[in-house]
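Residue numbers (my numbering): 91 to 537. Structure first, commentary second.
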């Protein structure tokens with residue numbers, strides 16, 4: 091199996107394109123379709139990236155013996171590209187300039203870097219590893235994980251954990267929650283008198299709430315589809331406030347109630363994963379009217395966006411998308427750069443180790459396949475020999491014929507390989523193969 095990745099991220103494409111190529115409720119269907127044209131897959135879709143990780147298996151190559159490996163891989167990657175564009179309803183030529191395509195070691199290196207937080211908007215951010223784990227778990231649930239691909243994902247997870255454990259890259263992370271809290275202090279004078287509204291109670295908003303709540307927010311509104319999940323977050327935040335000796339009022343509402351409660355919020359953090367706009371221009375205008383144009387800070391961490399971009403044109407609304415936050419997260423730059431250098435070196439070393447293990451894994455699979463072919467030849471020839479003996483033919487003659495045909499069958503592939511190497515004018519490989527084969531037969535114990 092050869093690993094490949096096709097994707098876009100915050101470095102290559104604006105949020106307006108990333109939201110078009112994101113996956114939401116269509117993820118199960120997408121996994122099933124992608125796995126049908128690959129040897130295992132995982133789809134990672136976050137506010138910063140949409141990436142397709144997939145394998146090209148040896149079974150694909152065996153069906154195209156007349157084509158070179160490079161042509162086979164290029165053909166399947168193109169097939170995935172076409173599927174990606176069609177599944178998102180966009181023109182492939184329109185999105186190609188924004189896509190990156192990596193194969194083999196480059197694909198593996200990219201995946202390890204992403205999982206470790208080295209490719210994130212915020213260096214070392216911890217959420218991405220959990221998001222990749224969820225993506226792999228979802229792919230496994232819908233039949234998208236092959237044995238080889240599953241083996242590879244575990245090595246990627248282990249490498250990411252090692253990088254975060256053995257370097258300071260995670261310690262120097264400035265999270266989106268921190269960036270949101272910093273915006274609050276820049277826009278408002280008295281955070282304690284403010285009301286924070288969380289639109290969705292997922293992990294990202296949980297982190298935002300943890301950072302912003304430490305400013306002493308007096309009131310928090312949690313709007314979520316699942317009331318129980320919102321209540322769980324509310325209990326967590328109340329416990330935090332109690333431990334810090336702060337008073338905090340928290341209320342839970344449904345997403346359908348956003349329009350009537352938006353006017354109560356001074357700070358809005360939204361990250362729902364919805365494919366539809368949750369806060370429209372009309373809702374924002376009404377909220378400002380009720381608030382008598384008191385300023386509002388809105389942070390939209392979702393892709394596709396939860397808040398209509400036109401809301402940012404209103405005079406008293408400060409609207410930030412995930413792309414806008416890049417200007418807020420420049421703190422600790424020198425320390426983070428040094429941590430990044432150490433992490434990149436370690437990542438390269440770990441990727442080289444995984445690549446070696448992968449080659450051993452692939453060789454093991456090929457050996458198993460070759461042995462199965464040999465056993466099939468043995469069974470066929472043995473059946474033929476037994477039939478001759480049952481027919482009354484001389485046993486010695488039958489056994490000699492059986493041994494001859496079995497030897498011919500088992501030495502055909504190695505002999506062809508030696509001839510091909512000779513034709514390719516590769517004396518080093520030729521000597522290695524012939525020496526290994528001769529040593530193998532010479533050292534074979536007699537029976």
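Every residue gets a Cβ at the ideal spot worked out from N, C-alpha and C, and that includes glycine.
Every unbroken beta strand (DSSP E) inside the stretch 377–437 [3 residues or more]:
Counting whole runs of 3 or more residues, the stretch 377–437 contains the beta strand (DSSP E) stretches 386–390, 407–411.
For residue 118, the nearest candidate out of 267, 230, 350 (CA to CA)
For residue 118, the closest of 267, 230, 350 by C-alpha to C-alpha distance is 230.
Quick check: the stretch 342–352 against the stretch 315–324, are at least 3 beta-carbon pairs closer than 8 Å?
Contact between the stretch 315–324 and the stretch 342–352 is present, because at least three Cβ pairs lie under 8 Å.
For residue 362, which of 371, 392, 195, 239 has the nearest alpha-carbon?
With distances taken between Cα atoms, residue 362 lies closest to 392.
Of the choices 116, 267, 412, whose alpha-carbon is the least far from that of residue 103?
The candidate whose alpha carbon is nearest that of residue 103 is 412.
Under the three-state reduction of DSSP, which class applies to residue 365: helix, strand or coil?
Looking at residue 365 - three-state DSSP - the assignment turns out to be coil, as it is neither helix nor strand.
With which residues is residue 132 paired in a DSSP beta bridge?
Paired residues: 143.
Please list, in chain order, all residues of the same chain as residue 132 whose beta carbon is under 6 Å from its beta carbon, the five residues on each side excluded.
Hits under 6 Å: 143, 225, 226, 229.
Within a Cβ cutoff of 8 Å, which residues of the same chain sit near residue 285, ignoring the five residues on either side of it in sequence?
These residues qualify, in order along the chain: 307, 308, 309, 310, 311, 354, 355, 356, 357.
Does DSSP classify residue 180 as helix, strand or coil?
Of the three classes helix, strand and coil, the one that applies to residue 180 here is coil, per DSSP.
How far does the beta strand (DSSP E) with residue 358 in it reach, from first residue to last?
If you look at residue 358, you'll find it in the beta strand (DSSP E) that goes 357–360.
Option in 472, 506, 301 with minimal Cα separation from residue 490:
The shortest C-alpha to C-alpha distance from residue 490 to any of 472, 506, 301 is the one to 472.
Looking at the structure shown, is residue 286 part of a helix, part of a strand, or coil, going by DSSP?
When DSSP states are grouped into helix, strand and coil, residue 286 belongs to the strand group.
Using 10 angstroms around the beta-carbon of residue 536, count the other beta-carbons present and answer buried if the total reaches 16, otherwise exposed.
Interpretation of residue 536 is limited by its pLDDT of 46, a score under 50 that renders its predicted location unreliable; the figure taken from the coordinates is listed afterwards. When all chains shown are included, residue 536 counts as exposed.
Is the separation between the beta-carbon of residue 206 and that of residue 248 shorter than 7 Å?
No, the Cβ-Cβ distance between residue 206 and residue 248 is not below 7 Å.
Which residues in the same chain have their Cβ closer than 6 Å to the Cβ of residue 313, if we skip the five residues on either side of it in sequence?
Excluding residues up to 5 positions away in sequence, 289, 343, 345, 348 lie with their Cβ nearer than 6 Å to the Cβ of residue 313 in the same chain.
Could you pull the start and end residues of the alpha helix (DSSP H) that residue 488 belongs to?
Per DSSP, residue 488 belongs to the alpha helix (DSSP H) from 485–513.
Do residue 429 and residue 257 have their beta-carbon atoms positioned less than 7 Å apart in this structure?
The answer is yes: Cβ separation under 7 Å.
Closest to residue 462 by C-alpha separation, out of 500, 488, 433, would be which residue?
Of the listed residues, the one whose Cα sits closest to residue 462 is 500.
Please check the pair residue 418 and residue 272, which I expect to be a contact at CB under 8 Å, by giving their CB distance rounded to whole angstroms.
Sure, about 6 Å apart at Cβ, within 8 Å.
If we count the other Cβ atoms within 10 Å of its Cβ and call it buried at 16 or more, is residue 200 buried or exposed?
Its Cβ being crowded by 16 or more others within 10 Å, residue 200 is buried.
Three-state secondary structure assigned by DSSP to residue 138:
DSSP places residue 138 outside both helix and strand once states are collapsed to three, so it counts as coil.
Give the secondary structure of residue 92 by DSSP, where H, G and I count as helix, E and B as strand, and everything else as coil.
The DSSP-derived three-state label of residue 92 is strand.
Between residue 404 and residue 382, what straight-line distance do the alpha-carbon atoms span, to the nearest angstrom?
Going by the C-alpha atoms only, they are around 13 Å apart.
Just confirm the distance between the C-beta atoms of residue 440 and residue 202, as a whole number of angstroms; I'd bet it's less than 8 Å.
About 6 Å separates the two Cβ atoms, so the contact holds.
Kindly confirm or deny that the stretch 123–132 and the stretch 162–170 touch, where touching means at least three C-beta pairs closer than 8 Å.
The stretch 123–132, when compared against the stretch 162–170, does touch it at the 8 Å Cβ threshold.
Please say whether residue 398 and residue 367 have beta carbons closer to each other than 7 Å?
Yes. Within cutoff.
May I have a chain-ordered list of the alpha helix (DSSP H) segments no shorter than 4 residues that lie completely inside the stretch 265–347?
Within the stretch 265–347, the complete alpha helix (DSSP H) runs of at least 4 residues fall at 266–277, 293–303, 317–333.
Pair within 7 Å by beta-carbon distance, residue 388 and residue 114:
Not in contact: residue 388 and residue 114 (Cβ atoms no closer than 7 Å).
Only counting the same chain, and skipping five residues up and downstream in sequence, which positions put a Cβ closer than 6 Å to that of residue 616?
The requested residue 616 does not occur in the structure, where the chain is confined to residues 91 to 537.
Going by alpha carbons, who is nearest to residue 302 out of 173, 515, 218, 287?
Nearest C-alpha to residue 302: 287.
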